[in-house]
Each structure stands twice: as structure tokens, then as C-alpha cells.
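Visitor: Sharing a structure with you now.
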Amino acid sequence: MNRANPNRRRVLQGAMVAVGAVTLRAAIAQSEGGPRVIEMTARRFAYEPNEIALKAGEPVVIAIRSLDFVHGMNLPDLGMRLDLVPGRVTRLNLHPKAAGAIDFVCDNFCGDGHEEMHGRFVVTA
Ligand SMILES: [Cu+2]
């Protein structure tokens, strides 16, 4: 009798995680030879720079380092958020299609200046 392997689900999940890791590495390798990389830092209570000019149609990678805390980066215009973990580089791939503003805020309470921790990508045509 060929009964379902109780570990099958776990094996499949492991395979999916492995595929995801390979895809992530491929994306990073591609970013090193392709889109412009813009460095950003996060610390209590600011992103630096906190305003970045982008051009519609130009893909970029925002490489973000937190210097002191697990800050958040919430981009409600894009319906996404990131955790910015100290010791890691968090890469945000952006490919704006049209002129406008993309706002972001820290959504992980980080102290008395937390409410002032925000920024904006300004996209021009
Ligand atoms: Cu913060």
C-alpha cells in the first residue's frame, strides 16, 4: 500500500523555501550588474536621505541599513512594508511607472521621535 508520507508536506515546504532562496540570490546578483543602487540608512528618528528623486521608467534598488534598531518601512502607496534589521542590508526594488510621490514611514515604534520618521520618493517623468 502506498500511503501518503506524513513528511511530504514538510518536504514540499522545504523545497519551496530552497527555490525562494535561489530566486533571491538571482535577484541580488542581477541588481549588482543592473539597476542603479541608492544607499539609505535608518536610525532614530530619520531615514538618510529622507527624500530621493527617481525617474519614471528607471528601475532602482534602495539598499537600506539600519544603524541602531529594527525600524520599519511602510509604503502604503505600494501596499508593502519591510523590516530594517541592523547588520543586514534590506533591498527595496522600485520601478516607478509614472510621476508622483511614494511616501514611507517607520511603522515599528522606535522611541519619542518615531512619529517624525518618514520620507518620500519623488518620481519625475
Ligand atoms: Cu523608527
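In the numbering used here, each residue carries its 1-based index in the sequence shown increased by 1. Yeah, the Cβ is synthetic: ideal placement off N, Cα and C, and Gly gets one too.
Less than 9 Å between the C-beta atoms of P60 and G80, yes or no?
Guide: Here residue 60 is taken as the residue at index 59 of the sequence shown, counted from 1. Here residue 80 is taken as the residue at index 79 of the sequence shown, counted from 1. Contact flag unset, no.
Visitor: Compare the beta carbon distance of D84 and D104 with 9 Å and say whether it is the shorter of the two.
Guide: Counting from 1 along the sequence shown, the entry for residue 84 is found at position 83. Counting from 1 along the sequence shown, the entry for residue 104 is found at position 103. No, these two residues do not count as a Cβ contact at 9 Å.
Visitor: For G120, verify whether its CB is less than 8 Å away from any heavy atom of ligand 1.
Guide: Locating residue 120 in the sequence shown gives position 119, counting from the first residue. Answer for G120: no, Cβ out of range of ligand 1.
Visitor: My output table needs one value for E117: the three-state DSSP class, helix, strand or coil.
Guide: Translated into the one-based positions of the sequence shown, residue 117 becomes position 116. Reduced to three states, the DSSP call for E117 is helix.
Visitor: My guess is that L55 and V124 are in contact by the Cβ rule of under 8 Å, so how many angstroms apart are they, rounded?
Guide: Counting from one through the sequence shown, the residue named residue 55 turns up at place 54. Counting from one through the sequence shown, the residue named residue 124 turns up at place 123. Contact flag correct, Cβ pair sits at about 5 Å.
Visitor: Is R45 close to ligand 1? I mean its beta-carbon at under 8 Å from any heavy atom of the ligand.
Guide: Taking the sequence shown and counting its residues from 1, the one referred to as residue 45 is at position 44. It does: the Cβ of R45 is within 8 Å (strictly closer) of some heavy atom of ligand 1.
Visitor: Relative to the C-alpha of I39, which candidate in L76, I65, A100, D108 has its C-alpha closest?
Guide: Numbered from 1 along the sequence shown, position 38 holds the residue referred to as residue 39. Nearest C-alpha to I39: I65.
Visitor: What's the gap between the Cα of R26 and the Cα of R89?
Guide: Working through the sequence shown from its first residue, we reach residue 26 at position 25. Working through the sequence shown from its first residue, we reach residue 89 at position 88. With a pLDDT of only 49 at R26, under 50, the local geometry of the prediction cannot be trusted, and the value read off the model is given with reservation. Answer to the nearest angstrom: the Cα atoms are 15 Å apart.
Visitor: Could you round the C-beta distance between N109 and V71 to whole angstroms and report it? I think they count as a contact, below 8 Å.
Guide: On the sequence shown, residue 109 is found 108 positions in, with the first residue counted as 1. On the sequence shown, residue 71 is found 70 positions in, with the first residue counted as 1. About 6 Å separates the Cβ atoms of N109 and V71, confirming a contact at the 8 Å cut-off.
Visitor: Let me check you understand the geometry: is the CB of N109 closer than 8 Å to at least one non-hydrogen atom of ligand 1?
Guide: The count along the sequence shown starts at 1 and reaches residue 109 at position 108. At least one heavy atom of ligand 1 is nearer than 8 Å to the Cβ of N109, so yes.
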